[in-house]
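From first to last, the protein sequence lines stand for chains R and F.
Numbering of the first sequence is given in numbering that gives the first Met the number 0, commencing with residue 0 and proceeding in unit increments.
Numbering of the second sequence is given in numbering that gives the first Met the number 0, commencing with residue 0 and proceeding in unit increments.
Cβ atoms here follow ideal geometry from the backbone N, Cα and C, with glycine treated the same way.
One structure is given below, encoded as structure tokens.
There are 2 protein chains.
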Amino acid sequence: MLKALNTIVPSEELLGIVNTGDDLTMHGLRICPDLDTIMYTLAGLNNEETGWGLTGETWRVMAELDRLGGDAWFQLGDRDLATHLYRTSRLAKGATLSEVTHELTERLGCPIRLLPVTEDPLATLFETADYGTVSFQEYFVRHHHDITVRDVIIEGALDAQPSPGVLDAIASAERIVISPSNPLISIAPLLAVPGVREALKARRGDVVAVSPLIGGKALKGPADRLLRELGHEVSPLGIAALYADIVGTFVIDTIDANAATGFDALDMRVLATGTLMSDPEQAATLAQVVRHG
Amino acid sequence: MLKALNTIVPSEELLGIVNTGDDLTMHGLRICPDLDTIMYTLAGLNNEETGWGLTGETWRVMAELDRLGGDAWFQLGDRDLATHLYRTSRLAKGATLSEVTHELTERLGCPIRLLPVTEDPLATLFETADYGTVSFQEYFVRHHHDITVRDVIIEGALDAQPSPGVLDAIASAERIVISPSNPLISIAPLLAVPGVREALKARRGDVVAVSPLIGGKALKGPADRLLRELGHEVSPLGIAALYADIVGTFVIDTIDANAATGFDALDMRVLATGTLMSDPEQAATLAQVVRHG
């Protein structure tokens, strides 16, 4: 979404507030999958073939760790590991996650400023039917999100503070865009940080959310299944209902335009356009709609 | 020394009690240079060309970390990093350093059992003339041990406990060998762990130390310079004096045989033989002398 917006908005006018609920400490290393993926993608370093990880990545360390019988299910490439070593090292020396993120974006060539939503510990946990409570990465990577979820818990949210600049950015931005991500596990942690939801409420008229469903289905990931399991309607309206207090404009895919009823009751504008951002033309149009629509 | 002994003593009759005073946490990873070097060497994985590190090593992660502007002065190869990831991960899950060491020796194919002298934090620090107090690796790797040292401090020693099995091994071993390492910085941390020096005293008649000086000089490393700077005699006798209470037999190089006086006053037997272990013949002879002499 940021990349699409960047085709019509200069980098310096964009700011990404990024979820840290997926973060994990593994092998002693602090790993921030959302920050990393966004940084790598905006820096043009993402691997377009695999759809994840870095281009030109190698797997020497993991191959060796696997040989040692270590925990190698969460694959960390050699280039990617350098990011985690850098971050862990800087944090140990007292830098904040925002500072480290700023350093990494500069050094990797990510043109857009990114802020972790909080510098405090935040963990998206899944209460599952068969595996007890599991972490985000266990759910997503280890179990390929193919297990039954009873509840999602954002651990640490109550004690977390927004990173410096987050609330100010929301208060002063011309527009605030909620990306077409999973509302229950990728957007919810952002909203759970005290102050963020309130800040968005105060700007509701300028908050635009893009539906992650196309034709009633998540393009990737478990959004549709999770919505169902957790008792929500699997539709753009079902998602909009989760954002009723904070979103003034909801963007749905043209395919779902015939299902664009019920938004009036939420006091929400609804706009329909192509939302498939792998298509550059749709991405550019979507950016225009989000920016000016 | 262990490798030389292993040519005449079966692996299962040998136990290495290893210094952990050089250990460091870097980038969040627990690194044990002495344990690692010994493990790699005994497993035949050491790089004979460079004299350190692993054979077939690559440097992808470090190259990338350097590009990010990270701390890359302490070079960690990709294969080597897997060891540190494994160890850090296992320790975080509650395994002891002895347990992790056992797992790593098995998996790497190191045939001899190794025990860290302690599982508690231990840090060999250097009070220097020009750089304040520096860690072992800063002294050794960053400054190439080319700085003036005022004192060596073994931090944490008073609160450390010997690892389970260490004191029993000393009490029950047929012979105890002190390797030809630097007495002030590589052997001193072992002796500083409460109970170890006393256990060796009780076995003094069976404790054999090998001099790290050949022709009055350290084969490698700063032993001679450090002895001088810290007010000790730079000679086999100067080293023997540091071990007077715990060593019954002192082995010196044939080259130094003419300087083999003064040991009587220490109530110490002195034996002379070739001690250059890079020469397989001298290594085998030295092993015989240490074992049976």
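Check	Outcome
Val289 (chain F) versus Leu189 (chain F): straight-line alpha-carbon distance, rounded	20 Å
Under 8 Å between C-beta atoms of Asn46 (chain R) and Glu56 (chain R)	yes
Host beta strand (DSSP E) of Ser162 (chain F) (start-end)	Ser162 (chain F) -> no beta strand (DSSP E), and no H or E assigned at all.
Gly220 (chain R) in three-state terms, based on DSSP	coil
Cβ contact check for the region 214 to 224 of chain R and the region 157 to 169 of chain R: 3 or more pairs under 8 Å	no
Span of the beta strand (DSSP E) around Ser134 (chain R)	132 to 134
8 Å contact criterion, which Asp263 (chain R) and Leu212 (chain R) should meet: CB distance rounded	Contact doesn't hold; Cβ gap of about 20 Å is too wide.
Contained beta strand (DSSP E) runs [length at least 3] in the region 132 to 208 of chain F, N- to C-terminal order	132 to 134, 148 to 154, 175 to 177
Residue nearest to Thr117 (chain F) in terms of C-alpha spacing, selected from F:Thr95, F:Arg66, F:Ile111	F:Thr95
Residue nearest to Leu34 (chain F) in terms of C-alpha spacing, selected from F:Thr274, F:Ser10, F:Pro9, F:Leu107	F:Leu107
Chain R residues whose Cβ lies nearer than 9 Å to that of Ser88 (chain F)	Met25, His26, Gly27, Leu64, Gly69, Asp70
For Val246 (chain R) and Met267 (chain R), believed in contact at Cβ under 8 Å, the rounded distance	6 Å
Helix, strand or coil at Leu67 (chain F) [DSSP, three-state]	coil
Test: Tyr130 (chain R) CB closer than 8 Å to a CB of chain F	no
Segment limits, alpha helix (DSSP H) that includes Met38 (chain R)	32 to 41
CA nearest to the CA of Leu84 (chain R), picked from F:Met61, F:Glu102, F:Lys92	F:Met61
Residues near Thr253 (chain R) in its chain [Cβ-Cβ closer than 7 Å; skip 5 each side]	Ala271, Thr272, Gly273
Residues in the region 42 to 61 of chain F having any Cβ partner in chain R nearer than 8 Å	Thr57, Arg59, Val60, Met61
Within chain R, the residues that Ala122 (chain F) reaches when beta carbons sit closer than 9 Å	Neighbours of Ala122 (chain F) on chain R: none; closest Cβ ~16 Å, over 9 Å.
Minimum Cβ-Cβ distance from Leu84 (chain F) to chain R less than 8 Å	yes
Neighbour flag for Arg141 (chain R) against chain F, beta carbons, 8 Å	no
Candidates F:Pro161, F:Ile153, F:Ile152, F:Tyr130, of which the one nearest Ile146 (chain F) by Cα	F:Tyr130
CB of Arg89 (chain F) within 8 Å of CB of Glu102 (chain F), strictly	yes
For Ser180 (chain F), the nearest candidate out of F:Thr104, F:Leu67, F:Val17 (CA to CA)	F:Val17
Minimum C-alpha distance to Thr54 (chain F) - residue among F:Glu63, F:Leu64, F:Leu41	F:Leu41
Those residues which DSSP pairs with Asn45 (chain F) across a bridge	F:Leu53
Val99 (chain R) in three-state terms, based on DSSP	helix
Ala3 (chain F) versus F:Thr260, F:Asp77, F:Val176, residue with shortest Cα-Cα distance	F:Val176
Rounded C-alpha distance that separates Ala207 (chain R) from Arg141 (chain F)	Checking the sequence shown, residue 207 (chain R) turns out to be Val, not Ala. Answer to the nearest angstrom: the Cα atoms are 53 Å apart.
Contacts of Arg78 (chain R) in chain F (Cβ-Cβ under 8 Å)	Arg59, Val60, Glu63
First through last residue of the beta strand (DSSP E) which encompasses Thr19 (chain R)	Neither: Thr19 (chain R) is in no beta strand (DSSP E) and is coded neither H nor E.
Buried versus exposed, by CB contacts within 10 Å (16 or more), Trp204 (chain F)	This sequence places Gly at residue 204 (chain F); Trp is not what is there. When all chains shown are included, Gly204 (chain F) counts as exposed.
Cβ-Cβ separation, Leu114 (chain R) to Thr342 (chain R) (assumed contact under 8 Å), whole Å	In this structure chain R extends from 0 to 292, so residue 342 (chain R) is not present and cannot be described.
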